[in-house]
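This report refers to the structure that appears directly beneath it.
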Amino acid sequence: MRKVWDLIGGVHPPENKHQSVQESIGTLPLPEKLVIPLNQHIGAPPKLLVSAGDIVLKGQPLAEPKGMVSVGVHAPTSGQISEISDYPIPHPSGMSARCVTLIPDGKDEWIEHKGTDNFRDKTPEELLDIIRSSGISGLGGAGFASAVKLSTRQPISTLIINATECEPYITADDMLMQERPEAIVEGIKILSYILGEPDEILIGIEDNKPQAYEILESYLEGTNIELVEFSTRYPSGGEKQLIQILTGKEVPNGGLPADIGIVCQNVGTTHAIQRAIVHGEPLFSRVTTVTGKACSTNRNYQTLIGTPISHLLEYNGFDQSQCSRLVMGGPMMGLTLENPEIPVIKTTNCILAPTEDELPTPPPAQPCIRCGMCAEACPASLLPQQLFWYAQSQNYERLEAHNLFDCIECGACSYVCPSNIPLVQYYRASKGEIRKLAAEKVNADRARQRFEFQKARKEKEEAAKAAKREARKKAAEQARAKAANTRTSTEVSPAATGATAKSSAADDIIKAAMARAEAKKASPEEQRAKLERGVVRAESHLETVEQRLQDLDSEATDKQREQAQAAIEDARLRLEDAQSKLKAAPEPKPDKAKEVMAKVQASPKEALEKKIATLKDRINVTEEKIAEAEDDALKAALQKGLEKQQEKLRDAEQQLTEAPAESTTAISETEDAAATAIAKAQAKAAAQASMSDEEKLRANVTSLQTRLKKAQERLIVAEEEGSNHIDALRTGVEKLQAKLNSAETELSELS
Amino acid sequence: MALLKLTSPHAHTAQSTADVMKLVLLATIPGLVALTVFFGWGTIINVFIAAAVALICEASVMGLRKRPVMFYLKDNSALVTAVLLGLALPPLAPWWIPVVGTFFAIVIAKHLYGGLGYNPFNPAMVGYVVLLISFPVQMTAWPAPAPLYPAEIDVPGLWQSLQIVLPFFNEALTGTVSGSIDAYTAATPLDTFKHNTGLLVEQLYKKDPLFNQGSWAGIGWEWANFAFLAGGCFLLYRRVFTWHAPVAMLVSLTLCAALFYDGGSSSSHGSPLLHLLSGGTMLGAFFIVTDPVTSATSNKGRLIYGALIGILIFIIRSWGSYPDAVAFAVLLMNFAAPLIDNYTLPRTYGHKKSRKATEKKDEGP
Ligand code: SF4
Ligand code: SF4
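For the record, the sequence lines run as chains A and B.
1 is the number of the first residue of the first sequence in the numbering used here; add one for each residue after it.
1 is the number of the first residue of the second sequence in the numbering used here; add one for each residue after it.
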């Protein structure tokens, strides 16, 4: 017998498992409709592939994963998509989410699919691809994408198959093991192969499933898979708890089991993986226990994902008048459903319809007598009574010091509490509150940084403007002096006098015209070049973020991964944006005369100046980005970029200082060199100050408007889906709004 | 269809706070019986007076605080406080002793601090100490154990006990003032040791009837302590509390007593057995020190808390001016409990070491 460690804490709720193991796993007639939520798990919602009215076949993907942690969904049977709409889903908040409604046609016609005879013919990567594309996520707990869990970079020494099923009432895994042991064992072999054949393969099972134990054991002969039985105590099936029971090791705080060389998979998931690889069958059904005294039959069913709960209840003699509450999952961690039309999802292991006698409505809570029974029961060695105390007084600092975030919300503490305090509810609320505060703090910090940065930039701009004004004034004075002095060439004088008489409307018109001409000359190519640069930049950005995700892969937490995912998505969108803009930009018309003129005008010096200006702009942008970046890695990358840009700038400036000699030669010598230079500078300055700037601004405003609109749309979508990026998106929108506002005010000031 | 929307868990143990309190009350019965057998009806009278006063006080306070009176009365916590105080008081103390003590315990020590679960000090012990300081004469007058009564004096029966405890009652009835406790009092084993001059422990045990008729720690007292120990073991078995605090207290008291026993000289403070089985040791260990509200929170904390109480009990018994010390030691450690809590957080799963409760910055959830 292998040594097993004791579960810390734990409780013994009445098991109530015998009712639902009397009969084999059954199947129910097809329901009238299947409502399949797109997002059933942690991670980004998948991308919809069908639209209302489409005819789909069994096994056809309805939505494909969008990014690493996202999981697709498949049609559980053939039929027609009747609508794609928001529908209530199993969620603690009772919220609605995007669902595909499928009306089965009864033919149950398969899409072409094919399994693998010998999985060893494929590489682990190929197998992971199949798992990913088969929409497999954890069937036991939170429903995390299985492929992600399996594609760890750390060396794995132990594979643990979670067959504990410690929650009372639920027998889905138990029945699965009794009826399909062979498939499970094959699934374990597949997992082992994918993970590079770990040294140890353990199946953890509680001693309240002797049949399953016996049957499974007979299939394990000649394998290196070890079936480990331990005493029944809730919550031994928690991933962290099971690892501790079987190995004595603890998953480090903030880490993953892979950090200690362990991967843990549920038996149900293992079975689903076997189906996907050997039979080419995506995950569209699961075993669900229907139990509770309000149902006359208690039994397990192979249930299609999307089956409304009411359909299951109907076929099990559900007596509505007897049922006080409807629970999805077990009595310890399950979710109460307010609406029996809510569909079965991939993590629905049980539908519990208890009578009031079975699970009585809890009496009102009494004061905490600090008896410490909760602390004795807590598997995470927390002090629930202290957590409760601080949750009541909203002392978040103390809550965190008491490791509130290590609470797995198993409910053992509430279960034993003699004062009937709904402890877990307090913890959930406090966790939410703390997360919200943290997010707000991040936002506030960001806003503050942004504000400070903007202030600094404004000051810089003001200073630059003032300097320019000063320079212009000086130049004008000089010009006036020169004009007064020379007054020889009549050709030059209008320009010169124009420069002196700034207020003159005629001069302004001339200036504007000149400027416009100049701007036009430069614009098509320049714009194009700019756009091209934008595309290149966007591409490289996309590359870096993708790289970042890959680098993350091994050690990163899911959250980081998700963030990276979001960044990639963002970068991709930007790239698309840039490309479409480039396409829309007018092709430069090769106009010889203009080209020549441009060449003449764009003396090397000017070109250099332009380059310097753009470089400066870019440096500014980069600095801004650095100020706004939160991610250290990103910051470092940006810093590197900044240094490069600065180097270029230095180079350009160097060249510029060497340029003047040439540039003077380029200018026609028949004219008064000084006057022309001054006039040109004048014109350019004026042009920049008035027309070109305005146009630029205008363009800027329109582009900002479109970007803002897009961002808002994305935010709305994100909010609907309850995505984790809401905050990031929201800040993005705010940022854009602010930019737009400032651009608009600038524009209005100008015109 | 009206479906309940509740958060998990949906299952719950049947045990309620009222049940826990009932178990505690039940566990005091052996002790109560032993005290009655050896010291007469006094203790039972104490307990009844205290219980009545406690219920009245609790109900009035709850009424004043505009809370549902019955809901709170039903949690039995006031009863537990009253019974524990009644057990600790000297039998045959005048009626106003339990009245004043219980009033202090319930109104001042419990409700002025916010009620059940919020009181930093053990209410029963606050009541006890207030009485001990205010009325030292009445509070130190213990009757002799029944077997030691001189032949000409009968052990007071219920009626006689009531007359002693409620003199005005007797007066109104018979017009005479009769029944003084003085005739029945005798030194307790701890008193005897405190005032022992010149006798070796061995001689003392031979000479003093209190000891020579008993086996280990004075006739009567040892059995009362055994009875409380039995009650405590029952509660341990029923997992009403953990073993940490009581065991730590008993062990540290034993160790201290062994250390200072000095072979039984005339200045000895008594053997470990004497300390374990006399005075309020067992009542304190299993019914007072285990009071969850006022003790340390974690198991580690409770070990420290209990051990320090044991040490304090020994120090105060040996060198303080009061013969027994459980109440003082417990109240002193009630003060220290939050401090102990701060440094004795259990190590959470997945963490390398335990943290401090007042720790400021988090390494992140
Ligand atoms: S079990 Fe309930 S009453 Fe006891 S300490 Fe915990 S929260 Fe308080
Ligand atoms: S819900 Fe949290 S605090 Fe309560 S027992 Fe489970 S892990 Fe511990």
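Glycine included, each C-beta is placed from N, C-alpha and C at the ideal position.
A quick note: this is a predicted structure, and the numbers were derived from the prediction, not measured.
8 Å Cβ cutoff met for residue i and residue j
i, j, result
"residue 779/A", "residue 134/A", "Past the edges of chain A, shown from 1 to 751, lies residue 779/A, and the structure says nothing about it."
"residue 247/A", "residue 294/A", "no"
"residue 168/A", "residue 331/A", "yes"
"residue 271/B", "residue 189/B", "no"
"residue 307/B", "residue 252/B", "yes"
"residue 187/A", "residue 347/A", "no"
"residue 7/A", "residue 201/A", "no"
"residue 385/A", "residue 297/B", "yes"
"residue 316/B", "residue 333/B", "no"
"residue 117/B", "residue 98/A", "no"
"residue 451/B", "residue 91/B", "Because chain B is modelled from 1 through 365, residue 451/B falls outside the range shown and cannot be assessed."
"residue 190/A", "residue 263/A", "no"
"residue 207/A", "residue 236/A", "no"
"residue 150/A", "residue 103/A", "no"
"residue 232/B", "residue 27/B", "yes"
"residue 31/A", "residue 46/A", "no"
"residue 152/A", "residue 258/A", "yes"
Alpha carbon of residue i to alpha carbon of residue j, nearest angstrom
i, j, result
"residue 427/A", "residue 8/B", "12 Å"
"residue 178/A", "residue 139/A", "17 Å"
"residue 392/A", "residue 399/A", "10 Å"
"residue 383/A", "residue 311/B", "27 Å"
"residue 462/A", "residue 565/A", "39 Å"
"residue 72/A", "residue 636/A", "35 Å"
"residue 79/A", "residue 224/A", "44 Å"
"residue 84/B", "residue 414/A", "29 Å"
"residue 497/A", "residue 478/A", "Annotation note: pLDDT 44 at residue 497/A (below 50); position unreliable, no value reported."
"residue 345/B", "residue 354/B", "6 Å"
"residue 483/A", "residue 476/A", "10 Å"
"residue 425/A", "residue 92/A", "11 Å"
Residue i CB to nearest heavy atom of ligand 1 below 7 Å
i, result
"residue 370/A", "yes"
"residue 419/A", "yes"
"residue 373/A", "yes"
"residue 416/A", "yes"
"residue 638/A", "no"
"residue 228/B", "no"
"residue 388/A", "yes"
"residue 407/A", "no"
Residue i classed as buried or exposed, judged by whether at least 16 other C-beta atoms fall within 10 angstroms
i, result
"residue 70/B", "exposed"
"residue 290/A", "buried"
"residue 284/B", "buried"
"residue 159/B", "exposed"
"residue 55/A", "exposed"
"residue 237/B", "exposed"
"residue 650/A", "exposed"
"residue 10/B", "buried"
"residue 136/A", "buried"
"residue 367/B", "The first residue shown for chain B is 1 and the last is 365, placing residue 367/B beyond what the model contains."
"residue 127/A", "buried"
"residue 343/A", "buried"
"residue 311/A", "buried"
"residue 259/B", "exposed"
Near ligand 2: residue i beta-carbon under 7 Å from a heavy atom
i, result
"residue 166/A", "no"
"residue 245/A", "no"
- Message: If we require 3 or more residues per run, which beta strand (DSSP E) segments fall completely within the stretch 214-269 of chain A?
- Response: Entirely contained in the stretch 214-269 of chain A, the beta strand (DSSP E) runs reaching 3 residues are, in chain order, 225-230 and 262-266.
- What runs of the alpha helix (DSSP H), each 4 residues or longer, lie entirely inside the stretch 13-93 of chain B? If we require 4 residues or more, the alpha helix (DSSP H) runs fully inside the stretch 13-93 of chain B come out as 17-27, 29-39, 42-64, 69-73 and 77-88.
- Considering only residues of the stretch 267-353 of chain A, which uninterrupted beta strand (DSSP E) runs meet the minimum length of 3 residues and lie entirely inside it, listed in chain order? Runs found: 285-291, 299-304, 326-328, 335-337 and 350-352.
- Task: Note down, one range per segment and in chain order, each alpha helix (DSSP H) of at least 4 residues found wholly within the stretch 253-302 of chain B.
- Result: Complete alpha helix (DSSP H) runs here, min 4: 272-277.
- Whole runs of the beta strand (DSSP E) within the stretch 1-39 of chain A, excluding any shorter than 3 residues: Counting whole runs of 3 or more residues, the stretch 1-39 of chain A contains the beta strand (DSSP E) stretches 34-37.
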